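The structure appears below as structure tokens.
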Amino acid sequence: MQKQSANICSTMGRSEELSEFQRGTVVGCYLCKKSVREISAMLNLPRSTVSAVILKWKRGGITTALPRSGRPHKLKEEDRQVLERVALEKCLPSIKALTAEFQSASGASVSSTTVRRELHEMGFRGRVSSYGKPKGVPKVAKKQVDVSRLDLRIGRVVTAQQIPDTDGLFVEQIDVGEAFPRMVVSELSQHVPVEQMQNRMVVLLCNERPVETRGIVNQAMLMCASSQDKLEILDPPNGAIPGDRVTFQGFPGEPDKELNPKQKVWEQVQPDLRTDGQCVATYKGAAFEVAGKGVCKAQTMSDCEIK
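Here the sequence shown is numbered in this note's numbering, starting from 1047 and rising by one per residue.
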């Protein structure tokens, strides 16, 4: 191997860019358990060059040529090895923080510009905070935006009354199977007589962020079929009880604890909430269903949006 390496390296100039074959030789020596020092001596190459080739191969599985600035290195070889270790082992937020950590570990006094240039020559690219992260690890997927993120539950209206000095607002106390009823403000008085609200079973969106309406903290939203001139409260199936979850076939995810207004989950889901031709409440064709008890429906309104 020693003799063969000498022949190979007879064509390698220190100042010349390595060929793909030469880089492959460096990686081959590394895979044969040779150290950077040994490979450098065998192939008559600077240790920094050997380290850069091996690092490029370890990080990306490739041996393509790395850009070179042509400038002399301001760091000693041992300092470059410390810098490489710090970059790989520390997840630091910026080049300034990495420079400070490197100076503390090596005792070298260099600028952030020099550290950045040295890192680039070693094959480091992109954000400093990602240097130490292993390649090939899939990113955690963002939670998909669909109806499963809505906490829809069956409730029973305990009391309902019109809010004084308002045009159309009811305030209801609704039992959703919790220790105390939830306070809900709904714009219903023009569509539903207050006496029809008492003891009525309803469908509620329970994970909207609470907001104050007319001095009342609104803790949920009543689900209704709606058109320009008409509104009907959705009816749960017979046998449903307060606290029963509404689920959707084909959308098995768990609801958010609380919907983040910045993510606009409700705004993205709502356009696909509609009653079908049989007045069944659906999301993209999947019915509002209470397991083992049936589906939620409007009384007469078909092919209408739900909100």
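Think of the CB as a built atom: it goes at the ideal place given N, C-alpha and C, for glycine as much as any other residue.
These figures come from a predicted structure and were not determined experimentally.
Compare the Cα-Cα distances from residue i to each of the options and report the closest residue.
{"i": "P1301", "options": "K1080, R1195, R1069 and V1174", "result": "R1195"}
{"i": "F1294", "options": "A1087, Q1345, E1084 and V1193", "result": "V1193"}
{"i": "Q1236", "options": "E1278, V1248, F1226 and E1224", "result": "E1278"}
{"i": "K1104", "options": "M1168, M1269, G1299 and P1298", "result": "M1168"}
{"i": "V1326", "options": "G1338, Q1316 and Q1345", "result": "Q1345"}
{"i": "K1142", "options": "V1156, E1130, L1134 and R1131", "result": "V1156"}
{"i": "E1224", "options": "V1238, R1199 and V1336", "result": "R1199"}
{"i": "R1260", "options": "K1102, S1348, G1153 and P1210", "result": "P1210"}
{"i": "K1339", "options": "D1290, V1238 and K1308", "result": "D1290"}
{"i": "Q1274", "options": "V1099, E1351, T1328 and L1089", "result": "E1351"}
{"i": "P1317", "options": "G1299, S1272, P1307 and N1306", "result": "S1272"}
{"i": "N1306", "options": "A1154, M1269 and K1189", "result": "K1189"}
{"i": "V1191", "options": "E1164, L1268 and P1298", "result": "P1298"}
{"i": "Q1390", "options": "V1099, A1151 and K1080", "result": "Residue 1390 is absent from the structure shown; the chain starts at 1047 and stops at 1353."}
{"i": "L1250", "options": "K1308, M1269 and E1258", "result": "M1269"}
{"i": "L1165", "options": "S1152, A1133 and G1153", "result": "A1133"}
{"i": "K1276", "options": "G1172, V1238 and Q1208", "result": "V1238"}
Ordered along the chain, which non-local residues of its own chain (more than five positions away) have a Cβ less than 7 Å from that of residue i?
{"i": "A1206", "result": "F1216, E1218, V1240, M1243 and Q1244"}
{"i": "A1052", "result": "Confidence is the limiting factor: at A1052 the pLDDT is only 45, short of 50, which leaves the residue's position unreliable, though a coordinate-based value still follows. Excluding positions up to five away in sequence, the list is empty."}
{"i": "D1221", "result": "G1201, R1202, V1204, P1227 and P1288"}
{"i": "I1085", "result": "V1072, C1075, Y1076 and V1096"}
{"i": "A1337", "result": "T1293"}
{"i": "K1303", "result": "N1253"}
{"i": "A1151", "result": "V1128 and V1132"}
Which residues does DSSP list as the beta-bridge partners of residue i?
{"i": "G1201", "result": "V1248"}
{"i": "T1346", "result": "Paired residues: none, contrary to the question."}
{"i": "A1087", "result": "DSSP lists no partner for A1087."}
{"i": "G1169", "result": "DSSP output for G1169 lists no bridge partner at all."}
{"i": "G1340", "result": "V1336"}
{"i": "I1262", "result": "T1259"}
{"i": "M1229", "result": "Q1219"}
{"i": "A1206", "result": "E1218"}
{"i": "E1351", "result": "S1272 and R1320"}
Using a Cβ-Cβ cut-off of 6 Å (strictly less than) and excluding sequence neighbours within five positions of residue i, which residues of its own chain qualify?
{"i": "G1296", "result": "A1332"}
{"i": "S1175", "result": "C1137 and P1139"}
{"i": "K1343", "result": "D1281, C1325 and V1326"}
{"i": "L1144", "result": "L1138 and V1174"}
{"i": "S1115", "result": "Its pLDDT being 45, under 50, S1115 is placed unreliably by the model, and the measurement read from it follows with that caveat. Nothing meets the Cβ criterion."}
{"i": "P1113", "result": "Confidence is the limiting factor: at P1113 the pLDDT is only 47, short of 50, which leaves the residue's position unreliable, though a coordinate-based value still follows. Hits under 6 Å: none found."}
{"i": "L1101", "result": "M1168 and G1169"}
{"i": "L1319", "result": "Y1329 and I1352"}
{"i": "R1246", "result": "V1203"}
{"i": "D1197", "result": "C1252, N1253 and P1301"}
{"i": "K1049", "result": "Its pLDDT being 47, under 50, K1049 is placed unreliably by the model, and the measurement read from it follows with that caveat. Once the five neighbours on either side are set aside, K1049 has no close Cβ partner at all."}
{"i": "V1082", "result": "R1093, V1096 and S1097"}
{"i": "R1131", "result": "none"}
{"i": "G1214", "result": "E1233, S1235 and Q1236"}
Quick one: does the C-beta of residue i sit closer than 6 Å to a heavy atom of the ligand GTP?
{"i": "A1327", "result": "Judged by which ligands are present, the structure shown has none, so any question about the ligand GTP falls away."}
Whose C-beta lies closer than 8 Å to the C-beta of residue i among residues of the same chain, with five residues either side of it excluded?
{"i": "G1323", "result": "S1348 and D1349"}
{"i": "Q1149", "result": "S1155 and V1156"}
{"i": "V1341", "result": "P1283, V1326, A1327, A1333, F1334 and E1335"}
{"i": "K1080", "result": "M1088"}
{"i": "T1212", "result": "R1260"}
{"i": "M1058", "result": "Only weak support is given to the placement of M1058: the predicted model assigns it a pLDDT of 42, under 50, and the question is left unresolved by the model."}
{"i": "E1147", "result": "V1132, K1136 and L1138"}
{"i": "K1308", "result": "none"}
{"i": "E1258", "result": "N1264"}
{"i": "L1121", "result": "L1129, A1154, V1156, T1160 and E1164"}
Within 7 Å (strictly less), CB to CB, does residue i reach chain C?
{"i": "Q1244", "result": "Judged by its chain identifiers, the structure shown contains no chain C, having just a single protein chain."}
Is it true that the stretch 1303-1319 meets the stretch 1253-1272, where meeting means three or more beta-carbon pairs spaced less than 8 Å apart?
Touching, yes.
Would you call the stretch 1260-1272 in contact with the stretch 1219-1232, where contact means no fewer than 3 C-beta pairs closer than 8 Å?
Taking 8 Å as the limit for Cβ pairs, the verdict is that the stretch 1219-1232 does touch the stretch 1260-1272.
Can you check the stretch 1265-1329 for any alpha helix (DSSP H) of at least 4 residues that lies completely inside it and give the ranges in chain order?
You should have 1311-1315.
Are the stretch 1283-1293 and the stretch 1147-1161 touching, with three or more C-beta to C-beta distances below 8 Å?
With a cut-off of 8 Å, the stretch 1147-1161 and the stretch 1283-1293 do not count as touching, because too few Cβ pairs lie within range.
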